[in-house]
Each structure stands twice: as structure tokens, then as C-alpha cells.
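Structure first, commentary second.
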Amino acid sequence: MGGIPFADGKGKMPSGLFLRGGKLSIFKPKECAAFCKKYNIGCVLDLRTPLEAQEFPDPLPADVEYVQIPLLKDATVGITRETGSDPLTIVRNLRKHPEKLKEMMPDFPVLYKQIVTDEYSVTQLQKAVAKLRENAERGICTYYHCTVGKDRTGIQWLCSNPLV
Numbered sequence: 012m013g014g015i016p017f018a019d020g021k022g023k024m025p026s027g028l029f030l031r032g033g034k035l036s037i038f039k040p041k042e043c044a045a046f047c048k049k050y051n052i053g054c055v056l057d058l059r060t061p062l063e064a065q066e067f068p069d070p071l072p073a074d075v076e077y078v079q080i081p082l083l084k085d086a087t088v089g090i091t092r093e094t095g096s097d098p099l100t101i102v103r104n105l106r107k108h109p110e111k112l113k114e115m116m117p118d119f120p121v122l123y124k125q126i127v128t129d130e131y132s133v134t135q136l137q138k139a140v141a142k143l144r145e146n147a148e149r150g151i152c153t154y155y156h157c158t159v160g161k162d163r164t165g166i167q168w169l170c171s172n173p174l175v
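Going by my numbering, the sequence shown opens with residue 12, and the numbers climb by one from there.
Structure below.
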């Protein structure tokens with residue numbers, strides 16, 4: 012996100028302070044430590060639900076601050092990835108009941124709008140943006156993530172972008 016001009020025209024967002032991505036549980040502890048060191052990550056901001064974070068914890072080194080601010084209260088088909096809630100598992104389980112599968116599929120434009128208008132999610136977004144700003148002011152590189160790095164982190168980026 013570095014290099015984006017501020018809306019007031021006075022400077023640009025500093026480079027190297029915000030990294031957006033997916034869950035870090037894909038790494039073994041030593042790999043995660045090397046990743047954090049390579050990118051100078053001082054804080055990890057986890058936007059996943061508590062269940063997602065519990066099922067697939069980030070194996071962070073002790074010197075990296077971990078902050079969890081879930082943007083969604085509950086499992087949400089198509090976005091969150093709790094065990095059993097992933098789309099392939101749902102499709103397999105409902106093969107014989109396609110009408111139920113159709114009912115479960117989210118309307119993504121409506122869902123995204125809810126994330127930025129729902130009282131809980133708005134409060135959580137504000138907390139997350141405040142943490143990103145606080146860390147940037149202190150020069151701390153923050154890796155913020157959900158499970159895959161496309162939905163919740165994308166919304167977070169839009170909310171923290173000084174041009175929006």
C-alpha cells in the first residue's frame with residue numbers, strides 16, 4: 012500500500028508498513044519467524060473469526076505482537092473458512108439437496124455492503140484501522156490478514172485507504 016498519495020495532497024502513505032495476505036498457519040514456526048524477519052513484521056492483525064484463528068493459529072515468534080479483530084461475528088459461507096464451512100465440503104454434503112445449497116449461497120454484493128454497514132463490523136473495522144494507523148505512526152510494519160487475503164483484507168484496505 013505504500014506510495015499511495017494522501018487525500019489532502021500532503022505526502023504519500025509510507026512504504027513497507029502494511030502487508031496484506033492470508034493466514035500464516037501455512038508456515039511452520041521457523042518459516043513464519045523467517046517471513047516476519049524478512050519483512051520486518053512487528054504486528055500481525057488477524058481479521059478472522061475466533062473459530063478460524065483457533066483451528067488454524069498463526070505460529071508467530073514471541074517478538075511479534077498478535078491482535079485479533081474479527082470483522083465478522085459468525086461463520087459466513089463463501090468468506091470464512093472454519094472446518095466444514097468451506098464451499099467444497101458444503102457442496103459434497105448437500106449433493107442430494109441442491110435446493111438447500113442454492114439457499115446457502117451468499118449474495119456477495121449484499122454481504123460486502125453489510126460488512127461495511129453492520130454495526131458490529133463497522134466497530135471492528137474502526138478498531139482495525141485505528142491499530143494500523145497507530146502502528147504506522149510508530150513505524151511498526153503490520154501484516155494484516157484473514158484466511159485467504161481477498162475478502163476481509165480487501166475491505167480493510169478500502170477502509171484504511173486515505174483516498175476513500
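Note that the Cβ used here is the ideal one computed from N, Cα and C, for glycine as well.
Please read all numbers here as calculations on a predicted model, not as lab measurements.
Among Leu83, Glu66, Gly53, which has the Cα closest to the Cα of Tyr77? For this step, residue 77 is matched to residue 66 along the sequence shown. Relative to the Cα of Tyr77, the nearest Cα in the group Leu83, Glu66, Gly53 belongs to Gly53.
Bridge partner(s) assigned by DSSP for Asp57: Translated into the one-based positions of the sequence shown, residue 57 becomes position 46. In DSSP, Asp57 forms a bridge with Gln79, His156.
Closest to Lys138 by C-alpha separation, out of Phe67, Pro81, Asn51, Ser26, would be which residue? As a position in the sequence shown, residue 138 is number 127, starting the count at 1. Sorting Phe67, Pro81, Asn51, Ser26 by C-alpha distance to the C-alpha of Lys138 places Pro81 at the top.
Identify whether Ile15 lies in helix, strand or coil by the three-state DSSP scheme. Working through the sequence shown from its first residue, we reach residue 15 at position 4. Coil, per DSSP.
Sequence-distant residues of the same chain with beta carbon closer than 8 Å to Val133, five excluded per side: In the sequence shown, residue 133 corresponds to position 122, counting from 1. Around Val133: Val127.
Three-way DSSP call (helix, strand, coil) for Leu62 in this model: Position 51 of the sequence shown, counted from the first residue, corresponds to residue 62. Leu62: helix per DSSP, three-state reduction.
Out of Glu145, Lys124, Gln79, point me to the one whose CA is closest to His156's CA. In the sequence shown, the residue the question calls residue 156 occupies position 145. Checked all of Glu145, Lys124, Gln79; the closest Cα to His156 is Gln79.
With DSSP as the reference, identify every bridge partner of Phe2, one or two as the case may be. Given that the chain is displayed from residue 12 to residue 175, the structure contains no residue 2 and the question cannot be resolved.
Report yes if the CB atom of Thr158 is closer than 8 Å to the CB atom of Lys49, and no otherwise. In the sequence shown, residue 158 corresponds to position 147, counting from 1. In the sequence shown, residue 49 corresponds to position 38, counting from 1. Not in contact: Thr158 and Lys49 (Cβ atoms no closer than 8 Å).
Proximity of Gly14 and Tyr154 at Cβ, strictly below 8 Å: Position 3 of the sequence shown, counted from the first residue, corresponds to residue 14. Position 143 of the sequence shown, counted from the first residue, corresponds to residue 154. No, Cβ-Cβ distance for Gly14 and Tyr154 is not below 8 Å.
Can you give the Cα-Cα distance for Phe67 and Val55, rounded to whole angstroms? Residue 67 sits at position 56 when you count from the first residue of the sequence shown. Residue 55 sits at position 44 when you count from the first residue of the sequence shown. Phe67 and Val55: Cα-Cα distance of roughly 14 Å.
Closest by CA to Gly27, which one among Asp118, Ile37, Cys47, Ala141? Taking the sequence shown and counting its residues from 1, the one referred to as residue 27 is at position 16. The shortest CA-to-CA distance from Gly27 to any of Asp118, Ile37, Cys47, Ala141 is the one to Cys47.
Excluding the 5 residues preceding and the 5 following Lys84 in the sequence, name in chain order all residues of the same chain whose CB lies nearer than 7 Å to its CB. By one-based count along the sequence shown, residue 84 stands at place 73. For Lys84, where only same-chain residues beyond five positions count, the Cβ hits under 7 Å are Tyr131.
Using DSSP with H/G/I as helix, E/B as strand and the rest coil, what is Lys39? For this step, residue 39 is matched to residue 28 along the sequence shown. Lys39 falls in the coil class under three-state DSSP.
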